[in-house]
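The structure appears right after this line, and notes come after that.
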Ligand SMILES: Nc1ncnc2c1ncn2[C@@H]1O[C@H](COP(=O)(O)OP(=O)(O)O)[C@@H](O)[C@H]1O
Ligand SMILES: Nc1ccn([C@H]2C[C@H](O)[C@@H](COP(=O)(O)OP(=O)(O)O)O2)c(=O)n1
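Residue numbers (the working numbering): 136 to 357.
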């Protein structure tokens, strides 16, 4: 008897390239835990701001990281970071977090603190009976799960991505975040070698999802 494989799907890309929307749909279609690692960097950034810690103060960042008590709550099909007894909420999408998150995400010590935590989400998925996980971010296919079963890299031209964000009513300097995320030394945003690159500029969300789903279905029936 063959057992069903536990599948890891990695999706990377810049802001508003379609990572969250496609990940959510794939998580439903294949019963995968949805892990939005951007929300983790956002939650830690919100916590740093709450504690008045600045990204350019390494000693304060170090001390604050040592105090973080990270946990995970599963909400439907999505993993949600908890900090102590608080779950990350809407404040992680605020203008202030948008403006600061890439600066905190560039700090190697902070990224190292989140590395094991992100990998441990596979255990959370198993414990909750999911058939695998779909994890989205900037360095999932390159650093967190380089051996993932599927690695996708989504991109779209900047004007289209800005249009998508504006349509959501969000104030977000995506060009500046992409510049910082792509140029940092620690795990920069890049299309990992061997990943499947998809230009979503002229595709509908359904078309993007269908391309990824067709590949995944070869290993895991929907
Ligand atoms: N291929 C697409 N065509 C049109 N709109 C899209 C497409 N992909 C995503 N969107 C829309 O763009 C916005 C940002 O998408 P999202 O999935 O949140 O991107 P990311 O997670 O990469 O930041 C959402 O409102 C989403 O519905
Ligand atoms: N794996 C990850 C995920 C996000 N980040 C950083 C860089 C991003 O600008 C911020 C926020 O990520 P998020 O995915 O929420 O951003 P968008 O939804 O694409 O606008 O976090 C990262 O450095 N590494």
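The C-beta atom is built at its ideal place from N, Cα and C for all residues, glycine as well.
Candidates 349, 343, 356, of which the one nearest residue 155 by Cα: For the purposes of this step, residue 155 is taken as residue 20 along the chain shown, with counting starting at 1. With distances taken between Cα atoms, residue 155 lies closest to 343.
Might you give, ordered along the chain, the residues of its own chain that have their beta carbon closer than 8 Å to the beta carbon of residue 296, omitting 5 neighbours on each side? Residue mapping note: residue 296 aligns to position 161 of the chain shown, counting from 1. Hits under 8 Å: 149, 150, 151, 152, 309.
With a threshold of 16 other CB atoms inside 10 Å of the CB of residue 337, please say whether the residue is buried or exposed. Along the chain shown, one-based indexing puts residue 337 at 202. Per the 10 Å Cβ criterion, exposed.
Residue range of the beta strand (DSSP E) that residue 208 falls in? Position 73 of the chain shown, counted from the start, is the residue given in the question as residue 208. Note, residue 208: beta strand (DSSP E), 205–210.
Comparing alpha-carbon positions, which option in 286, 307, 264, 259 lies nearest residue 271? Numbered from its first residue, the chain shown carries residue 271 at position 136. The candidate whose alpha carbon is nearest that of residue 271 is 286.
Please state the DSSP three-state secondary structure of residue 201. On the chain shown, residue 201 is found 66 positions in, with the first residue counted as 1. In the structure shown, residue 201 sits in a helix (DSSP, three-state: H, G or I).
Output the distance between the C-alpha atoms of residue 255 and residue 324, rounded to the nearest integer angstrom. Your numbering for residue 255 matches position 120 in the chain shown. Your numbering for residue 324 matches position 189 in the chain shown. Those two C-alpha atoms are separated by around 22 Å.
Report whether the distance from the Cβ of residue 277 to the nearest heavy atom of ligand 1 is below 6 Å. Here residue 277 is taken as the residue at index 142 of the chain shown, counted from 1. Using a cutoff of 6 Å, the CB of residue 277 does not count as near ligand 1, since none of the ligand's heavy atoms is closer than that.
Three-state secondary structure assigned by DSSP to residue 188: Position 53 of the chain shown, counting from 1, holds the residue named residue 188. Judged by DSSP in its simplified three-state form, residue 188 adopts coil rather than helix or strand.
Spatial neighbours of residue 243 in its chain, beta-carbon cut-off 7 Å, leaving aside the 5 residues before and after: Within the chain shown, the letter at position 108 stands for residue 243. Annotation for residue 243: 321 place their beta carbon closer than 7 Å to its own, counting only its chain and skipping 5 residues before and after.
Within a Cβ cutoff of 6 Å, which residues of the same chain sit near residue 240, ignoring the five residues on either side of it in sequence? What you label residue 240 is simply residue 105 of the chain shown in a count that begins at 1. 176, listed in sequence order.
Near ligand 2: residue 296 beta-carbon under 6 Å from a heavy atom: Translated into the one-based positions of the chain shown, residue 296 becomes position 161. Because no heavy atom of ligand 2 lies under 6 Å away, the Cβ of residue 296 does not count as near it: no.
Using the three-state DSSP reduction, which class does residue 297 fall into: helix, strand or coil? Translated into positions along the chain shown, residue 297 becomes position 162. The answer is helix: DSSP assigns residue 297 an H, G or I state.
Let me check you understand the geometry: is the CB of residue 151 closer than 6 Å to at least one non-hydrogen atom of ligand 1? Counting from one through the chain shown, the residue named residue 151 turns up at place 16. Yes, since a heavy atom of ligand 1 falls inside the 6 Å radius drawn around the Cβ of residue 151.
Unbroken beta strand (DSSP E) runs of length 3 or more, entirely within the region 249–281: which are they? Whole beta strand (DSSP E) segments, 3+ residues: 267–272.
Under the assumption that residue 199 contacts residue 188 (Cβ atoms under 8 Å), give the Cβ distance between them as a whole number of angstroms. Taking the first residue of the chain shown as position 1, residue 199 is located at position 64. Taking the first residue of the chain shown as position 1, residue 188 is located at position 53. So it is a contact: roughly 5 Å between Cβ atoms.
So what's residue 222 in DSSP terms, helix, strand or just coil? Here residue 222 refers to the residue found at position 87 of the chain shown. For residue 222, the secondary structure class from DSSP, reduced to helix, strand or coil, is strand.
Paired residues, beta bridge with residue 165 - DSSP: Taking the first residue of the chain shown as 1, we reach residue 165 at position 30. According to DSSP, which records beta bridges pairwise, residue 165 is partnered with nothing at all.
Nearest-angstrom Cα distance between residue 179 and residue 220? Position 44 of the chain shown, counted from the start, is the residue given in the question as residue 179. Position 85 of the chain shown, counted from the start, is the residue given in the question as residue 220. A straight-line Cα-Cα distance of about 14 Å links residue 179 and residue 220.
Reduced DSSP category for residue 349 - H, G, I as helix; E, B as strand; rest coil: As a working mapping, residue 349 is identified with position 214 in the chain shown. Helix, per DSSP.
With the cut-off set at 7 Å, would you say residue 83 and residue 233 are in Cβ contact? Summary: the structure shown does not reach residue 83, with the chain confined to residues 136 through 357, and so no result is reported for it.
Distance, Cα to Cα, residue 201 vs residue 235? Residue 201 sits at position 66 when you count from the first residue of the chain shown. Residue 235 sits at position 100 when you count from the first residue of the chain shown. Cα-Cα distance, rounded: 20 Å.
Using a threshold of 7 Å, state whether the C-beta atoms of residue 288 and residue 330 are closer than that. Counting from 1 along the chain shown, the entry for residue 288 is found at position 153. Counting from 1 along the chain shown, the entry for residue 330 is found at position 195. Cβ atoms of residue 288 and residue 330: closer than 7 Å.
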